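Here is the structure we will look at, set down as structure tokens.
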Amino acid sequence: FSNHFSAVKDKIRVTAYPSVCFSNVGRSGVEQPLILGRGCESFGTIAHELGHALGLFHTMNRQDRDQHIKVRFDNTLQQFQNEFNIRNKGEIENYGTGYDYGSIMHYAQTNALSNGKPWMVPTDEKYGHTMGSEMISFSDFSIINEHYFCKATIALHNSKNYTQPMR
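Just so you know, the UniProt record's numbering puts the end of the sequence shown at 167, numbered straight through with nothing missing.
And the structure:
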């Protein structure tokens, strides 16, 4: 038995802070902070914040966002409107994956940060219940695998255009 952890230079340090769920997007130094406070205990929230630490932005920040959802800024609290900013082309790499309403990185239609009304509406209403999934989607895994050069074959499905099935 050998302890490989001490030889690892880059680490994600999970810490608690009251009522805060947060991580920077991507590597931010030798020790990446991932903050999971009270209310952040669900699998979906932890996976979402870990996604940020591994380099994933919110799905709603993609360049093709407006083709798939309409953001209702009138239903979004002022201090959270920047969560919906579309990122510059070079900031987000989707590796050819389609827009995934069921991504762990996609918010639900309504949220505690909105005024109780939908803060985004899918252009195809059938996807409304898919948004805000608590599970990691195929495209989430695919993007992470591409980003970290994991070229293993995925036996279930190897298309980069897989989208979450409608529920």
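Glycine residues also receive a C-beta, built at the ideal position from the N, C-alpha and C atoms.
Since we're looking at a predicted model, the values are computed, not measured.
Across which residues does DSSP place residue i in a beta bridge pair?
| i | result |
| --- | --- |
| residue 20 | In DSSP, residue 20 forms no bridge with anything. |
| residue 13 | 33 |
| residue 114 | 76 |
By Cβ distance below 6 Å, which residues in the same chain neighbour residue i in space, the five residues on each side in sequence not counted?
| i | result |
| --- | --- |
| residue 22 | 35 |
| residue 105 | 51, 56, 58, 59 |
May I ask which residues mark the beginning and end of the alpha helix (DSSP H) holding residue i?
| i | result |
| --- | --- |
| residue 136 | It is not in any alpha helix (DSSP H) - residue 136 carries neither H nor E in the DSSP assignment. |
| residue 46 | 43-53 |
Comparing C-alpha positions only, which one of the options sits nearest to residue i?
| i | options | result |
| --- | --- | --- |
| residue 69 | 125, 146, 145, 51 | 125 |
| residue 85 | 67, 63, 97, 104 | 63 |
| residue 43 | 56, 128, 133, 106 | 133 |
| residue 11 | 101, 66, 26, 75 | 26 |
| residue 30 | 39, 13, 40, 18 | 13 |
| residue 168 | 74, 97, 128, 83 | Any answer about residue 168 is impossible in this case: the structure gives the chain only from 1 up to 167. |
| residue 18 | 101, 47, 38, 9 | 38 |
| residue 138 | 117, 101, 88, 109 | 101 |
If I measure Cβ to Cβ from residue i and keep anything under 7 Å in the same chain, skipping five residues before and after, which residues do I get?
| i | result |
| --- | --- |
| residue 15 | 33, 35 |
| residue 54 | 144 |
| residue 45 | 21 |
| residue 83 | 58 |
Residue range of the beta strand (DSSP E) that residue i falls in?
| i | result |
| --- | --- |
| residue 120 | 120-122 |
| residue 70 | 69-71 |
Leaving aside the five residues before and after residue i along the sequence, list all residues of the same chain whose C-beta is less than 8 Å from its C-beta, in chain order.
| i | result |
| --- | --- |
| residue 99 | 59, 62, 64, 65, 67, 68, 163 |
| residue 147 | 54, 55, 93, 95 |
message = Would you call the stretch 87-96 in contact with the stretch 114-131, where contact means no fewer than 3 C-beta pairs closer than 8 Å?
response = With a cut-off of 8 Å, the stretch 114-131 and the stretch 87-96 do not count as touching, because too few Cβ pairs lie within range.
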